[in-house]
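Participant:
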Amino acid sequence: VSRMVYTEGFLDDAAAVWSGQVRDRLGRMLAAIEAFPEIGSRDIPASLRAQYGDGIRKAVVEPFDLIYEYDSKTDSVIVYGLVHFRAAH
């Protein structure tokens, strides 16, 4: 099980999610990433790479992409934020 690190940006993004269904999906995805940190896609739009760096991954939590990075050396996952599908390009 990887160590999860939640950034202020992610905590702010998550606090703004009003839908109980989205919150449930987010919780399930975070648990999956904690257990299997490399499950996220490396196919990242250039705008997100510019914002968060080249090592990021994304996981779908509809209607958002959950943006995170896995550091295999420390077995840590840094969770950066939720980006709405319409904003990710």
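Quick note: my numbering has the sequence shown finishing at residue 856, numbered continuously throughout. For each residue, glycine too, the CB sits at the ideal point set by N, CA and C. Note that the coordinates shown come from a computational prediction; the quantities given were computed from them, not determined experimentally.
Mapping DSSP to helix, strand and coil, what is S808?
Facilitator: Position 41 of the sequence shown, counted from the start, is the residue given in the question as residue 808. Looking at S808 - three-state DSSP - the assignment turns out to be strand.
Participant: If I measure Cβ to Cβ from L849 and keep anything under 8 Å in the same chain, skipping five residues before and after, which residues do I get?
Facilitator: Within the sequence shown, numbered from 1, the residue matching residue 849 stands at position 82. These residues qualify, in order along the chain: F777, D780, A781, V784, L793, V828, F831, D832, L833, I834.
Participant: Would you say I811 and I823 are within 7 Å of each other, going by their C-beta atoms?
Facilitator: Here residue 811 refers to the residue found at position 44 of the sequence shown. Here residue 823 refers to the residue found at position 56 of the sequence shown. Their beta carbons are under 7 Å apart, which means I811 touches I823 by this criterion.
Participant: Span of the beta strand (DSSP E) holding F831?
Facilitator: Residue mapping note: residue 831 aligns to position 64 of the sequence shown, counting from 1. Note, F831: beta strand (DSSP E), 831 to 838.
Participant: Leaving aside the five residues before and after E836 along the sequence, list all residues of the same chain whose C-beta is less than 6 Å from its C-beta, in chain order.
Facilitator: The count along the sequence shown starts at 1 and reaches residue 836 at position 69. If we look at E836 and ignore the five residues flanking it on each side, its Cβ neighbours are G822, I823, I845.
Participant: Starting from A782, trace the beta strand (DSSP E) in both directions and tell me its first and last residue.
Facilitator: If you number the sequence shown from 1, residue 782 lands on position 15. Premise fails: A782 lies in the alpha helix (DSSP H), 775 to 782, not in any beta strand (DSSP E).
Participant: What residues in its chain sit with their C-beta under 8 Å from that of V768, if we drop five residues either side in the sequence?
Facilitator: As a working mapping, residue 768 is identified with position 1 in the sequence shown. Excluding residues within five positions, the ones whose Cβ falls inside 8 Å are E801, A802.
Participant: Can you give me the Cβ contacts of M771 inside the same chain, cut-off strictly under 6 Å, excluding the 5 residues immediately before and after it?
Facilitator: Taking the sequence shown and counting its residues from 1, one reaches residue 771 at position 4. Only E801, V844 meet the Cβ criterion.
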